[in-house]
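Chemist: Numbering of the sequence shown is given in my numbering, commencing with residue 226 and proceeding in unit increments.
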Amino acid sequence: MVTVNLDHVFVCGHPALDFAATLRARRTLRFEMFAAPDRLDAWYVESGIVDSVAPSRPSDVERARAVREAVYELITARRLGEAFGDRALEALNGAARKPAAAPQLTRAGRRTDATSQEALSAVARQAVELLSGPDVPLLKECGNPECTRVYIDRSRGMRRHWCGMESCGNKIKAAAYRARKKSALATIDG
Ligand SMILES: [Zn+2]
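#1: Kindly examine ligand 1 and report whether one of its heavy atoms sits closer than 6 Å to the Cβ of N369.
#2: Can you give me the Cβ contacts of G415 inside the same chain, cut-off strictly under 7 Å, excluding the 5 residues immediately before and after it?
#3: What are the start and end residues of the alpha helix (DSSP H) that includes T373?
#4: Enumerate in chain order the residues of its own chain whose CB-to-CB distance from E371 is below 6 Å, with the five nearest sequence positions on each side excluded.
#5: Closest to G389 by CA distance: which of K406, V296, T373 and E354 is it?
#6: Answer yes if the segment 276 to 296 comes into contact with the segment 338 to 358, meaning at least three C-beta pairs across the two stretches below 8 Å, and no otherwise.
#7: Inspect the beta-carbon positions of G358 and H386 and report whether they are closer than 7 Å.
#8: Starting from the Cα of L330, find the closest Cα among P324, D338 and D266 and give me that residue.
#9: Run through DSSP, which three-state label would R397 get?
#10: Name the DSSP beta bridge partners of S277, please?
#11: With distance defined between alpha-carbon atoms, name the residue in L248, K396, V234 and Q342 nearest to G319.
#12: Could you pull the start and end residues of the beta strand (DSSP E) that T331 belongs to?
#13: What does the Cβ neighbour count give for K365, buried or exposed, with the cut at 16 atoms within 10 Å?
#14: I need the DSSP call for K407, collapsed to helix, strand or coil.
#15: What three-state label does DSSP hand F256 in the structure shown?
#16: Suppose you measure from the CA of S284 to the CA of Y402; what does that come to, to the nearest Å?
#17: Cβ of C388 versus every heavy atom of ligand 1: is any distance shorter than 6 Å?
#18: Could you tell me the alpha carbon to alpha carbon distance between F259 and R379, rounded to whole angstroms?
#19: Would you kindly check if the distance between the Cβ of E271 and the Cβ of H239 is under 7 Å?
#20: What did DSSP end up calling A379 once you bin it into helix, strand or coil?
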C-alpha cells in the first residue's frame, strides 16, 4: 500500500462529492484517502460534517468505503442519465437510515459530536439530498482524465473545466504549454 498521507481536499462544491472523491485517480492510481481510521476521522471533521468524532475502527473504515463506492456509482449514474443500481441504492439508503450526527446548540454556538456511524449517516443523507436535488444537471467530471473528481459546475454557461485550478487546472495548463512549446520546437527543427 502507498503510505504517503495526502491532505484531504474539498473542491467539489458538495460534501457527498468530496466524499466520493476520496478514492482518487480512479482510472489509474486508485489512491485511497481513507487508508486508516484516523484519516477517515480527519475527513469527517475537516469536511465540516461534525466537530468531533469518536475514533473509528477498521470496520468503520470498511463501511465508509463501501458507502462511498455506492455514492460514486449513483453520482455517475445521475451524471450519465442512467438508472440507479439496486445494490448502490441499498447501501446508501442503509447508511442514511441510521441515526445521523445531531447538531447541538451550546453557549459558544453550534456543536456536533458524533460516532463514526452517525457521521457516515450524515454524509449519506447529504448524498440523498444532492442526488434528488436541483444540482444534478450541474454535475461534471473534472477535465483532467486522471483526476476522476465530480464537481458542481456553477459557472455561467457551465464552462468550468477543472475540479480546481490548484489541483488540476494549473497542472493541465502547464502540460499543454509544454506540449505546445515542444511542437513549436519540432516545427522549427523540422
Ligand atoms: Zn481534477
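Quick reminder that beta carbons are idealized off the backbone N, C-alpha and C, glycines included.
Modeler: Based on what the coordinates show:
#1: yes
#2: Confidence at G415 is low in this model, with a pLDDT of 49, below 50, so the placement of that residue should be treated as unreliable; the coordinate-derived value is given next. None.
#3: No alpha helix (DSSP H) contains T373, which DSSP labels as neither H nor E.
#4: A250 and T253
#5: T373
#6: yes
#7: no
#8: D338
#9: A small fix is needed here, since residue 397 is Ile in this sequence, not Arg. Of the three classes helix, strand and coil, the one that applies to I397 here is helix, per DSSP.
#10: D338
#11: Q342
#12: Q329 to T331
#13: buried
#14: helix
#15: strand
#16: 46 Å
#17: yes
#18: 28 Å
#19: no
#20: Here residue 379 turns out to be Arg, not Ala, going by the sequence shown. It is coil, neither helix nor strand.
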